[in-house]
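Residue numbering for the sequence shown follows our numbering, starting at 238 and increasing by one per position.
Presented below is the structure to which this report refers.
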Amino acid sequence: MSRKVKIALYVVIITLVIVGVIQLLTNWWLNEKLPQLISEKNKSGYSITYKKLDLSVWRRSIGIKDIILIPKEALTDKENTAGVFAKIQSVSLDNFSITDVLFRDRIKAGSLTVIKPEVTLYKGQKSQPKKPRNLSDDVVKPFDKVVAVSELIVKNANIKMIDLRNDKTVLKAEDVSVSIDGIIVDSVQMKKKIPFKFEDYAITIGKLYYKTKGFYNISTGTIACTNENFMADDFEFLCDADRTTFDHNLKTERDLYNIKAKRVTLNGLDWKFGKNERLSVIGKSLVIDRANANIYRNKTITDDLRKKKLYSQLLRELKFDLDLKELRLVNSTLEYEEKISERGPGKLRFSPFNLRATNLRSGFGQSKLPAVNISINAKFMDVSPLVVAWSFNTLDKTDGFRIRGSITKFPVERLQQFMKPYLNFEGSGDLDKVIFDYSGNDDGAHGKFAVEYDDLKFKAFKKDDPKKKNKVLTAVANLLVKNDSKEQLKHADVSVVREKDKSFYNMFWKCMQDGLKKTLLII
């Protein structure tokens, strides 16, 4: 072996030994440093303990098992325990920076994977409330002091949020998995509504429950969400009070909603917080499949005399930027119940109910928008085809609209569940065809009404005994009503003034009433 080869070999061996020693020292130092960084030198507001820590300098990976995380304040102040409490099966960090650990007391890594975290977020205070907290205060800011990553993966998490003021669960999410890429946290972003930047995300949730501040709960089955799409199965928006309790808590009348949908899908989603932190939501198509909506109102409660805005004004004044190209309700059911006496509520039902709306836009920053067009195909009271075409423009400050449509082959007997409790009447016969075409604005509506009907008869009941027929009123009603249109459409011009403390549907119903009176009554 030549002298040069021997020297080269010695250099290689010495280099390997030096590297090995440095590696061993670095590994030893990191094993000493990391526990201090996680526990003793942890600059966040959280105490972090664990059972096992594995570190590989060669692979630049860190693995931690059986982690417990609690707010440091909770260790000494048992009354004020707001913050995040968590038990985590394991955490792994890949491609971590050795220099950041050694010299900056911070773990910086390419990716962070969290397996089976059980997380409880306590909001509010049992005693004297402090400054309101948010996502940045409770989660992002504390952990950014300990670890910084560009990719976050969470698998099989269970998350709860509990209100300390009443110890009730506000939010519960089961089997949550999250993947977020391109994460950037900086001092500027930390002050924004979303305290970190990201490029792509994917979220799945097995089951979700959320308690609103009012009477309602929101729950879903599976949720899947990415940058561009959102899907939720078994969506429910339900009142947690019965009708009697709900009514008892009202000062003025209000609708009670119970809504279910088999699936909600939003495609072509693009959302962000833009200038002045204003939310912008763009969507290509929102489809609500097999919804079942029941709306109930007790009209015996004091009227709410505040102005009811028409839909064009509601869209125009939205507090965020909305651009939804298409909304569809598919194979759904819509019920409306209204109570005006102790006889109970009258019910109107549309099933199946199919709706398509296009160009749903908010008015912020817009000078010109296409008209909102709504088409409805349904069966009125489950039997009669109903077709409606409705249009308006969001930017029209007169709130002008046009609504036209038809109902065909309607047996009047199907209205018993509305007429008997609502009007104390029953009817029979057929409305062979009803046609309407109304235009209007915020002040009122006018237009054309036509009806073809056959063998109409009515039965009135006594006010003090709804089971007994009122013979006199029945005779008068049938005397005043033309019972047959003789296979011809009877036409009428209608005109109504809007009561601005009532909804659009009240104005529409008044148009229908005016048309029926003018075509059915002899006088």
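A virtual CB, placed ideally from N, CA and C, is assigned to each residue, including glycine.
Predicted model only: the values in this text are computed from it and were never measured.
C-beta contact flag for residue i and residue j at 8 Å
i: residue 586; j: residue 560; result: no
i: residue 536; j: residue 575; result: yes
i: residue 673; j: residue 641; result: yes
i: residue 467; j: residue 506; result: yes
i: residue 682; j: residue 733; result: yes
i: residue 417; j: residue 357; result: no
i: residue 520; j: residue 503; result: yes
i: residue 618; j: residue 652; result: yes
i: residue 764; j: residue 686; result: Lying before the first or after the last residue shown, residue 764 is absent from the chain, which here runs from 238 to 760.
i: residue 301; j: residue 283; result: no
i: residue 684; j: residue 676; result: yes
i: residue 353; j: residue 392; result: yes
i: residue 501; j: residue 508; result: no
i: residue 454; j: residue 475; result: yes
i: residue 680; j: residue 550; result: no
i: residue 447; j: residue 401; result: no
i: residue 441; j: residue 414; result: yes
i: residue 351; j: residue 328; result: yes
i: residue 306; j: residue 323; result: yes
i: residue 601; j: residue 555; result: yes
i: residue 332; j: residue 319; result: no
i: residue 604; j: residue 624; result: no
Opening and closing residue of the alpha helix (DSSP H) in which residue i lies
i: residue 329; result: That residue, residue 329, is in no alpha helix (DSSP H); its beta strand (DSSP E) goes 320-331.
i: residue 717; result: 708-717
i: residue 418; result: Unbroken run through residue 418 is the beta strand (DSSP E), 405-418; no alpha helix (DSSP H).
i: residue 292; result: Note, residue 292: premise wrong, no alpha helix (DSSP H); beta strand (DSSP E) at 289-293.
i: residue 751; result: 741-757
Limits of the beta strand (DSSP E) - the one that residue i falls within
i: residue 549; result: Taken as a continuous stretch (DSSP letters only), residue 549 belongs to no beta strand (DSSP E), being part of the alpha helix (DSSP H) at 548-553.
i: residue 446; result: 437-448
i: residue 590; result: 582-598
i: residue 618; result: Here residue 618 belongs to no beta strand (DSSP E), and DSSP marks it neither H nor E.
i: residue 635; result: Premise fails: residue 635 is in no beta strand (DSSP E) and is neither H nor E.
i: residue 666; result: 662-678
i: residue 721; result: It is not in any beta strand (DSSP E) - residue 721 carries neither H nor E in the DSSP assignment.
i: residue 681; result: 681-697
i: residue 573; result: 558-576
i: residue 306; result: 298-308
i: residue 730; result: 727-734
i: residue 454; result: 453-457
i: residue 286; result: 283-286
Residue environment, residue i, which counts as buried when at least 16 other CB atoms sit within 10 Å
i: residue 365; result: At residue 365 the pLDDT is 46, less than 50, meaning the model places this residue with poor confidence; the figure from the coordinates comes in the next sentence. Exposed, since its Cβ has fewer than 16 Cβ neighbours within 10 Å.
i: residue 539; result: exposed
i: residue 406; result: exposed
i: residue 313; result: exposed
i: residue 296; result: exposed
i: residue 583; result: buried
i: residue 751; result: buried
i: residue 489; result: exposed
i: residue 388; result: buried
i: residue 742; result: exposed
i: residue 248; result: For residue 248, the predicted model reports a pLDDT of 47, less than 50, meaning its position is unreliable and no value from the coordinates is stated.
i: residue 558; result: buried
i: residue 511; result: exposed
i: residue 747; result: buried
i: residue 688; result: buried
i: residue 716; result: exposed
i: residue 713; result: exposed
i: residue 496; result: buried
i: residue 621; result: buried
i: residue 552; result: buried
i: residue 421; result: exposed
i: residue 658; result: buried
i: residue 308; result: buried
i: residue 261; result: Here the model assigns residue 261 a pLDDT of 42, short of 50, so the residue's position is not dependable, and the following value carries that caveat. By the 10 Å Cβ count, residue 261 comes out exposed.
i: residue 759; result: exposed
Contact with chain D by residue i, beta-carbon distance below 8 Å
i: residue 325; result: You won't find chain D in this structure, because it holds only one protein chain.
heavy atom of the ligand MG below 7 Å from residue i C-beta
i: residue 522; result: Questions concerning the ligand MG fall outside what the structure shown contains, since it holds no ligand whatsoever.
Assess contact between the segment 589-598 and the segment 610-623, defined as three or more Cβ pairs (one per stretch) separated by less than 8 Å. Is contact present? With the rule of 3 Cβ pairs closer than 8 Å, the segment 589-598 counts as touching the segment 610-623.
Are the segment 720-727 and the segment 679-695 touching, with three or more C-beta to C-beta distances below 8 Å? Yes, since at least three Cβ pairs between the segment 720-727 and the segment 679-695 fall closer than 8 Å, the two stretches touch.
Any contact between the segment 565-572 and the segment 540-555? By contact I mean 3 or more CB pairs, one from each, below 8 Å. No, the segment 565-572 does not touch the segment 540-555.
To test your reading of the DSSP string, which unbroken beta strand (DSSP E) runs of 3 or more residues are found completely within the segment 464-526? Listed in chain order, the complete beta strand (DSSP E) runs (minimum 3 residues) inside the segment 464-526 are 466-476, 493-504, 507-510, 516-520.
Inter-stretch contact at 8 Å, needing at least 3 Cβ pairs: the segment 728-742 / the segment 522-532: As far as the Cβ criterion goes, the segment 728-742 does not touch the segment 522-532, which means the pair count is below three.
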